[in-house]
Structures are given as C-alpha cells and as structure tokens.
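Quick note on numbering: the working numbering labels position 123 of the sequence shown as 573, and the sequence is numbered without any gaps.
Even glycine gets a Cβ: it sits at the ideal position worked out from N, Cα and C.
Since the model is a prediction, treat every value here as computed from it, not as a measurement.
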Amino acid sequence: MSDNTTHQAADCPVLCVTLNPALDMTIGLDSLVPGKVNRARSHHLEAAGKGINVARVLATLGHPVTLSGFLGADNQADFEAAFVQWGLSDAFERVAGATRINVKLGEASGRVTDINGAGMQVDEAAFTRLEGRIDEWIDRQQAEGSPERCAVVIAGSLPPGVSSEQLASLVQRVRARRIACWLDTSGTALEAGLAVPPSGVKPNEQELALWAGEPLESDAARQRALASLVEHGIEQALISAGPEGVLWASPGAETLRARPPRMRVVSTVCAGDTLLAAMLHGVLCHPTPTAAMREQILRHATALSAEAVTHPGPGNPAAPELETLQQHTSIETLASAEVATAGEPRP
Numbered sequence: 451m452s453d454n455t456t457h458q459a460a461d462c463p464v465l466c467v468t469l470n471p472a473l474d475m476t477i478g479l480d481s482l483v484p485g486k487v488n489r490a491r492s493h494h495l496e497a498a499g500k501g502i503n504v505a506r507v508l509a510t511l512g513h514p515v516t517l518s519g520f521l522g523a524d525n526q527a528d529f530e531a532a533f534v535q536w537g538l539s540d541a542f543e544r545v546a547g548a549t550r551i552n553v554k555l556g557e558a559s560g561r562v563t564d565i566n567g568a569g570m571q572v573d574e575a576a577f578t579r580l581e582g583r584i585d586e587w588i589d590r591q592q593a594e595g596s597p598e599r600c601a602v603v604i605a606g607s608l609p610p611g612v613s614s615e616q617l618a619s620l621v622q623r624v625r626a627r628r629i630a631c632w633l634d635t636s637g638t639a640l641e642a643g644l645a646v647p648p649s650g651v652k653p654n655e656q657e658l659a660l661w662a663g664e665p666l667e668s669d670a671a672r673q674r675a676l677a678s679l680v681e682h683g684i685e686q687a688l689i690s691a692g693p694e695g696v697l698w699a700s701p702g703a704e705t706l707r708a709r710p711p712r713m714r715v716v717s718t719v720c721a722g723d724t725l726l727a728a729m730l731h732g733v734l735c736h737p738t739p740t741a742a743m744r745e746q747i748l749r750h751a752t753a754l755s756a757e758a759v760t761h762p763g764p765g766n767p768a769a770p771e772l773e774t775l776q777q778h779t780s781i782e783t784l785a786s787a788e789v790a791t792a793g794e795p796r797p
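In structure tokens form, the structure reads like this:
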C-alpha cells in the first residue's frame, strides 16, 4: 500500500443514501417452529438499512461519511443517537410517520428468516428535497477540489412512493456531476439503475440473473454477466456467489475470484453490505491498483465480509481475527477463455 496512487481514507468522503431504512430487530432462536410460541435466546434492536450498514463500515475504515435518504419523524431519535455513536453525519430527509421495523429471526443452524416492513410513503416534494441534499453534498466535494476521491452509494429497497425510474434518476444525477456512484439494490430497481449505468455494483447471482438473461449457475455464466456489466460502462462489477465466492471484474483487468474460509454463521444480514463498503474503500484509496493490489483489496473485503457473519451487524475492521481470515482467503484468476467458449456476452 505504498504506491503513488494511494489515498488516505480520511481524504475520501462518501455519501450513503438509504431510501428505505429500518430499525432491525434481530432475534436469536434455537429453531423456528411456525405456528408455535418460540422463545428467543437473544434479541437486538439497531438502526439499519443497507446504506447505513455500508456507512458504518466505511466510517470505521476512516472515511468521512454522510448519510441521506428518508427517515420517519416519529422515531428519528433512535437513528440520531446511533449516528452520533457511529460518527456519521446526518443529512436524512424527514418525512411523516415512523421508520419501519424489520424482524430477522436467526436460528442456530444459520438460517435467517426476514420479515420486512414496507416503509413510509414518500411524496414527490420529499423526493425533490432529497435531490437537493445530494446536490449540496456534491457541491461541497467539488468546491474542495477532489471529486475523484469521493463516492455516492445508493443501497437498499425502495419505499412506497419512490419508483425504479426515480432511483435511476438519482444514479444519473450523481454520474452527471462526474462523481462515482455505487448501486446495491434488486429487482426492477436494479435493472433501472444498471441502465444508467452506475460506477460499481454488487448484486448476488440471483439478483443479476434477470438482467443477464440466463441463470448464473456456472463460472462461465457469471463471467459473461460480468463482461456485459463492464462493456455496459460499469467500472467495478462484483458478483456475490455464495459458496462460489466473490467475483470481481473491471476494465482492462483480469477477473478475480475470492473464497473465504468456512465460518460459523451467526447472521448473514450485513455480509454483503460489508463487502461493498470494503471494496469501495479499496478502490477509493487505490484508484489505479496494480494486479497485486487488486488481489489485496479483494482479499481484505472478502475476509471482512466473512467476519461479519460471525455476529449481528456489519463487519468489524478492527477484529483481531481479521488478519488470519485474510491469510485463509484464497484468490484466483478466472481464465477469460471460459467466457469465449461458453457463449457470447449479452448485448
């Protein structure tokens, strides 16, 4: 980490936009028995949402992080206290009502059952105010002279009243100002956002399959999807493929795959958010990485994501076992020939 392209995390601010945040109630059970009274082994209530989880990891890694999106005025105090504790700047747009509560039932086997609320209704006026908040943040970064060192993350589901087209308009708004925009969502929102396109994405194989036009059940299919993303203008394309590891492609570089060691899983809820945050950290701090540095970035992000599954909440960059996890995370280069022989990329 000593080449002349290295930046300090403190010089790389990030805006994390969570359109549909939540208070996550995580309940630990021996096993879930539907239709019966179930007694919890543990419970934990915490401010959450994909963008908030990403922000927590980035702040721990040393980035100045601002949060935005929509918060319900009726229960904003829980979020405000958490933001102060985590060192995050609050630029959320307040709307009427209470932010949703999501329930996550984690069993000893590692299975997690999610019960997610729909979220608050967001009207056109609130969305316009959010656009203004994003513009203000970008204006500050550009005034300070280093917009290439900052990024906007748009992550999570859409609340009632916000369409996939509006999400895509936010991606376009950021990209039009020449600021990197990373997107992590699913369904029609992902398809709409990919069309812009964003700078970076991290779908899992199920989320990307519809856009790719085929099931992503083999390395060849995953590589074709990654190649299509890169050809479409996406600079950092990641696929989270469960036991098949994490695949990373970017223009002019070989496709890498990382496989973490087997972990005792407590909760997988924040693993993907941790992966995205750590990858963005690596890319911002090393914008033109060598091949060896790319491997190091992916190894660190994958190991930190693996650490995240051992406890509720996002990964802890200060965890004492992280160094060992990195040592046991394997990195391999996937041969581009697999793509050529398996079929043509999606147009």
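A distance below 9 Å separates the beta carbons of glutamine 686 and valine 651. Counting only runs that start and end inside the region 636-670, the alpha helix (DSSP H) elements of at least 4 residues fall at 637-644 and 655-662.
Judged by beta-carbon spacing, serine 481 lies beyond the 9 Å limit of serine 539, meaning their Cβ atoms are not closer than that value. Going by DSSP, serine 614 is part of the alpha helix (DSSP H) stretching over 614-626. When rounded, the separation of the alpha-carbon atoms in leucine 580 and alanine 509 is 22 Å.
Cβ-Cβ distances below 7 Å link methionine 713 to Ala756, Val759 and Thr760 in the same chain, with the five nearest sequence neighbours on each side left out; the list follows chain order.
Considering only Leu666, Gln777, Val646 and Asn552, the residue with the shortest C-alpha distance to glutamate 745 is Gln777.
Membership of valine 504 in the alpha helix (DSSP H) is indicated by the continuous run 500-510. In the three-state reduction of the DSSP assignment, glutamine 458 falls in the coil class, being assigned neither a helical nor a strand state. The three-state secondary structure of isoleucine 629, taken from DSSP, is coil. In the three-state DSSP reduction, leucine 482 falls in the coil class, being neither helix nor strand.
Assignment of asparagine 552 by DSSP, reduced to helix, strand and coil, places it in the strand class.
Secondary structure in the region 698-745: the beta strand (DSSP E) runs of 3 residues or longer, each lying completely within the stretch, are 706-709 in chain order. Membership of aspartate 528 in the alpha helix (DSSP H) is indicated by the continuous run 526-536. Inclusion of aspartate 573 and glycine 547 in the CB contact set at 9 Å is not warranted, their separation being larger than that value. Annotated as distal: leucine 754 and leucine 734, with beta-carbon spacing of 9 Å or more. With 16 or more neighbouring CB atoms inside 10 Å of its own CB, glutamine 673 falls in the buried class. Distance between arginine 506 and proline 764, taken at the CA atoms: about 7 Å.
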